[in-house]
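S.K.: Input: one structure, supplied below.
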Amino acid sequence: MAADSPYPGFVHQCKSLTQAKQANPDLKTVNAQSLQQVLKTLEKAFKDRSERGFGFPRFKKPGQMKSFVFPQLGKNPLGEGWVKLPSLGIVKIRQSRPYPDGFEVKQARIVKRASGFYVMLCFQAELSIPDVPLVGQFIGVDVGLEYFLSASDGLQVHRPRFFCDLQSELKLLQRRLKKKVLGSKNWRKLQLKIAKLHERIGNTRKDFHFKIAHLLCDRGDVIVVESLNLVGLSRGFLGKHMLDAGLGQFLNQILPWVCFKRGKGCLKVDARGTSQECPDCGHAVKKTLSDRWHHCPHCGSSMPRDIASAIVIKQRAVGRTVQEKACGDGLAGVAA
Ligand SMILES: [Zn+2]
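Under the working numbering, read the sequence shown as residues 964 to 1299, first letter to last.
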């Protein structure tokens, strides 16, 4: 491209795509709408770069693109155990759950993972979902590393060590990988095994997060969490453990989602100083990271440190009425 050529926006790229199809007949074998969706993703990447300070989009190597979208499906695209995809026809699937009644299927995304190919279907329906009133039993939740989570009602859940447990297995495989010839058949086999192990770690973690989120929803009506600077924490000396616990995924994605599905409220409060405050009298009680017990010299309050901060978090939320939306926008491939 010449230096003074205009910014290659989506429309411009679509025109280039038509030309590219003449030069590369292979492109014609791919669904036209799926190709356009890739251009749309690229446009978003450029936009995020200028507006949100993200990095420059990088070229993908073969095999690096993990998914693609069919933004529209034909008539009657779903059946028991199969989906009909544009330009591919009927594809058998192992259906993980029944299709929801009264919904219209809008798009299908094909995802490639180490364990195989997945189809993610997107359904739409005209529904109005009322905002959850923030009333009832409030539960404050403190997340940490000694305990994954401590709640203001006394519940404490130990930190799972998925990654650390499976890491020795991972290390072994990675050591073996070094001895293989790069790109050879055995190298590729081992690579796949490692990828599958990573996928299993992620799945186990996600499953744990969902179970904990449901457990919290069983115990209260409004779940109050602290807003943490997770990027900063994961760069600290406990960074590996922070990432292992996956606190960001839990606090920012899974917990709000489960609360939304269960009709429970989810609130975030300022996390500053929650561990240094007495929940019973409000006096400041200085603690270092190694002080695991809260003793208040002013009122005699005594309890585990994390429970004390969970109660402080809960107290900070009572009376608040603003609610964060858990989901609803940012769906890739859905055109305005
Ligand atoms: Zn006190």
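In this text, a Cβ means the ideal position worked out from N, Cα and C, and glycines have one as well.
What you are looking at is a predicted structure, and each value in this text was computed from that prediction instead of being measured.
Looking only at its own chain, which residues have a Cβ that is under 8 Å from the Cβ of glycine 1293, when we skip the five neighbours before and after it?
M.R.: As a working mapping, residue 1293 is identified with position 330 in the sequence shown. Confidence at glycine 1293 is low in this model, with a pLDDT of 41, below 50, so its placement is unreliable and the value that follows should be read with caution. Closer than 8 Å at Cβ, skipping near neighbours: no residue.
S.K.: Measure the CB-CB distance between glycine 1209 and histidine 1172 and report whether it falls below 8 Å.
M.R.: Taking the first residue of the sequence shown as 1, we reach residue 1209 at position 246. Taking the first residue of the sequence shown as 1, we reach residue 1172 at position 209. Against a cut-off of 8 Å, the Cβ pair of histidine 1172 and glycine 1209 comes out as a contact.
S.K.: With DSSP as the reference, identify every bridge partner of leucine 1048, one or two as the case may be.
M.R.: For the purposes of this step, residue 1048 is identified with residue 85 of the sequence shown, where counting begins at 1. Per DSSP, Gly1052.
S.K.: Could you tell me the distance, in whole angstroms, from the CA atom of serine 1030 to the CA atom of glutamine 982?
M.R.: Translated into positions along the sequence shown, residue 1030 becomes position 67. Translated into positions along the sequence shown, residue 982 becomes position 19. Straight-line Cα distance between these residues: approximately 24 Å.
S.K.: Taking 8 Å as the cut-off, decide whether the C-beta atoms of leucine 1133 and glutamine 1154 are in contact.
M.R.: Here residue 1133 refers to the residue found at position 170 when the sequence shown is read from its first residue. Here residue 1154 refers to the residue found at position 191 when the sequence shown is read from its first residue. Not in contact: leucine 1133 and glutamine 1154 (Cβ atoms no closer than 8 Å).
S.K.: In chain order, what residues of the same chain have a beta carbon less than 6 Å from the beta carbon of methionine 1266, not counting five sequence neighbours either side?
M.R.: Along the sequence shown, one-based indexing puts residue 1266 at 303. Excluding positions up to five away in sequence, the list reads His1257.
S.K.: Please report the Cβ distance between isoleucine 1276 and threonine 1237, rounded to the nearest whole angstrom; I am assuming they are in contact, meaning their Cβ atoms lie under 8 Å.
M.R.: To locate residue 1276, count along the sequence shown from 1; it is residue 313. To locate residue 1237, count along the sequence shown from 1; it is residue 274. Sure, about 5 Å apart at Cβ, within 8 Å.
S.K.: Below 8 Å on the Cβ atoms is my guess for isoleucine 1270 versus leucine 1179; work out the distance and round it to an integer in Å.
M.R.: Walking along the sequence shown from the start, residue 1270 turns up at place 307. Walking along the sequence shown from the start, residue 1179 turns up at place 216. Not quite, the Cβ-Cβ distance comes to about 15 Å (not below 8 Å), so this is no contact.
S.K.: State yes or no: is the C-beta of serine 1272 nearer than 7 Å to some heavy atom of ligand 1?
M.R.: Here residue 1272 refers to the residue found at position 309 of the sequence shown. No, Cβ of serine 1272 sits at least 7 Å from all heavy atoms of ligand 1.
S.K.: Quick check: what's the CA-CA separation for lysine 1069 versus glutamine 1035?
M.R.: One-based indexing of the sequence shown puts residue 1069 at position 106. One-based indexing of the sequence shown puts residue 1035 at position 72. Lysine 1069 and glutamine 1035: Cα-Cα distance of roughly 6 Å.
S.K.: Does the distance from the C-beta atom of alanine 1273 to that of alanine 1114 stay below 8 Å?
M.R.: By 1-based counting over the sequence shown, the position of residue 1273 is 310. By 1-based counting over the sequence shown, the position of residue 1114 is 151. Cβ distance < 8 Å, so alanine 1273 and alanine 1114 count as in contact.
S.K.: Tell me where the beta strand (DSSP E) around aspartate 1105 begins and ends.
M.R.: Counting from one through the sequence shown, the residue named residue 1105 turns up at place 142. That run of the beta strand (DSSP E) goes 1101–1106.
S.K.: Glycine 1044 to asparagine 1149, Cα distance in whole Å?
M.R.: In the sequence shown, counting from the first residue as 1, residue 1044 sits at position 81. In the sequence shown, counting from the first residue as 1, residue 1149 sits at position 186. About 34 Å.
S.K.: Excluding sequence positions up to five away, which residues of its chain have a Cβ less than 8 Å from the Cβ of asparagine 987?
M.R.: Walking along the sequence shown from the start, residue 987 turns up at place 24. Closer than 8 Å at the Cβ level, and outside the excluded window around asparagine 987, lies no residue.
S.K.: Between Gln1239, His1246, Ala1234, which has its C-alpha nearest valine 1310's C-alpha?
M.R.: Given a span of 964 to 1299 for the chain in the structure shown, any question on residue 1310 remains unanswerable.
S.K.: For ligand 1, any of its heavy atoms closer than 7 Å to the Cβ of cysteine 1262?
M.R.: The residue labelled residue 1262 in the question sits at position 299 within the sequence shown. True, at least one ligand heavy atom lies under 7 Å from that Cβ.
S.K.: With a threshold of 7 Å, establish whether the CB of aspartate 1243 neighbours any heavy atom of ligand 1.
M.R.: Within the sequence shown, residue 1243 is the residue found at index 280, counting from 1. Flag set: Cβ of aspartate 1243 near ligand 1.
S.K.: Excluding sequence positions up to five away, which residues of its chain have a Cβ less than 7 Å from the Cβ of aspartate 1011?
M.R.: Reading the sequence shown from its first residue, position 48 is the one you call residue 1011. So the qualifying residues of the chain are Phe1017.
S.K.: Report whether the distance from the Cβ of histidine 1246 to the nearest heavy atom of ligand 1 is below 7 Å.
M.R.: Start at 1 with the first residue of the sequence shown, and residue 1246 comes out as number 283. Checking the Cβ of histidine 1246 against ligand 1 gives yes.
S.K.: For tyrosine 1062, does the count of other Cβ atoms within 10 angstroms reach 16, so buried, or fall short, so exposed?
M.R.: Mapped onto the sequence shown, residue 1062 falls at position 99. Label assigned to tyrosine 1062: exposed.
S.K.: Nearest-angstrom Cα distance between glycine 1228 and leucine 1118?
M.R.: As a working note, residue 1228 is residue 265 in the sequence shown. As a working note, residue 1118 is residue 155 in the sequence shown. Near 19 Å, if we compare the C-alpha coordinates of leucine 1118 and glycine 1228.
S.K.: Report back the beta-carbon spacing between phenylalanine 1033 and glutamine 996 to the nearest angstrom; my notes put them in contact at under 8 Å.
M.R.: For the purposes of this step, residue 1033 is taken as the residue at position 70 of the sequence shown. For the purposes of this step, residue 996 is taken as the residue at position 33 of the sequence shown. Contact holds; Cβ gap of about 7 Å.
S.K.: Measuring CB to CB, does aspartate 1184 end up less than 8 Å from glycine 1099?
M.R.: On the sequence shown, residue 1184 is found 221 positions in, with the first residue counted as 1. On the sequence shown, residue 1099 is found 136 positions in, with the first residue counted as 1. Contact: yes.
S.K.: By how many angstroms is the C-alpha of leucine 1048 removed from the C-alpha of arginine 1072?
M.R.: Within the sequence shown, residue 1072 is the residue found at index 109, counting from 1. Within the sequence shown, residue 1048 is the residue found at index 85, counting from 1. Taking the straight line from one Cα to the other gives about 10 Å.
S.K.: In the DSSP assignment, the beta strand (DSSP E) including serine 1190 goes from what residue to what residue?
M.R.: Indexing the sequence shown from 1 puts residue 1190 at position 227. Unbroken beta strand (DSSP E) run through serine 1190: 1185–1190.
S.K.: Go ahead and pull the three-state DSSP assignment for serine 1264.
M.R.: For the purposes of this step, residue 1264 is taken as residue 301 along the sequence shown, with counting starting at 1. Of the three classes helix, strand and coil, the one that applies to serine 1264 here is coil, per DSSP.
S.K.: Closest by CA to leucine 1230, which one among Pro1260, Asp967, Gln1278?
M.R.: Stepping through the sequence shown from its first residue, residue 1230 is reached at position 267. Considering only alpha carbons, the answer is Gln1278.
S.K.: Assuming contact is defined by CB atoms lying nearer than 8 Å, are lysine 1156 and leucine 1136 in contact in what I supplied?
M.R.: In the sequence shown, the residue the question calls residue 1156 occupies position 193. In the sequence shown, the residue the question calls residue 1136 occupies position 173. Yes; because the gap between Cβ atoms is below 8 Å, this pair is in contact.
S.K.: Thinking C-alpha only, which one of Ser1264, Pro1025, Cys1222, Val1221 is nearest cysteine 1241?
M.R.: As a working mapping, residue 1241 is identified with position 278 in the sequence shown. Minimum Cα distance to cysteine 1241 is reached at Ser1264.
S.K.: Starting from the Cα of aspartate 1064, find the closest Cα among Gln1087, Leu1112, His1161, Ser1190 and give me that residue.
M.R.: Taking the first residue of the sequence shown as position 1, residue 1064 is located at position 101. When each option's Cα is compared against that of aspartate 1064, the closest is Gln1087.
S.K.: Rank Val1232, Cys1259, Ser1253, Lys1249 by C-alpha distance to the C-alpha of proline 1243 and give the top, closest one.
M.R.: Sequence index remark: in the sequence shown, residue 1243 carries index 280 (1-based). Per the sequence shown, the amino acid found at residue 1243 is aspartate instead of proline. Out of Val1232, Cys1259, Ser1253, Lys1249, Cys1259 has the C-alpha closest to the C-alpha of aspartate 1243.
S.K.: Please name the residue in Met1028, Gln1027, Lys1024, Gln1239 whose C-alpha comes closest to that of arginine 1255.
M.R.: In the sequence shown, the residue the question calls residue 1255 occupies position 292. That would be Gln1239, whose Cα lies nearest to the Cα of arginine 1255.
S.K.: Kindly examine ligand 1 and report whether one of its heavy atoms sits closer than 7 Å to the Cβ of cysteine 1180.
M.R.: Counting from 1 along the sequence shown, the entry for residue 1180 is found at position 217. Checking the Cβ of cysteine 1180 against ligand 1 gives no.
S.K.: Measuring straight from C-alpha to C-alpha, what distance separates arginine 1225 and alanine 966?
M.R.: On the sequence shown, position 262 is the one that residue 1225 refers to. On the sequence shown, position 3 is the one that residue 966 refers to. Those two C-alpha atoms are separated by around 54 Å.
S.K.: Less than 7 Å between C-beta atoms, sequence neighbours within five positions excluded: which residues of the same chain meet that for proline 1093?
M.R.: What you label residue 1093 is simply residue 130 of the sequence shown in a count that begins at 1. Cβ within range, chain order: n/a, list empty.
S.K.: Does isoleucine 1053 pass the burial test, meaning 16 or more other C-beta atoms within 10 Å, or should it be called exposed?
M.R.: The sequence position of residue 1053 within the sequence shown is 90, counting from 1. Exposed.
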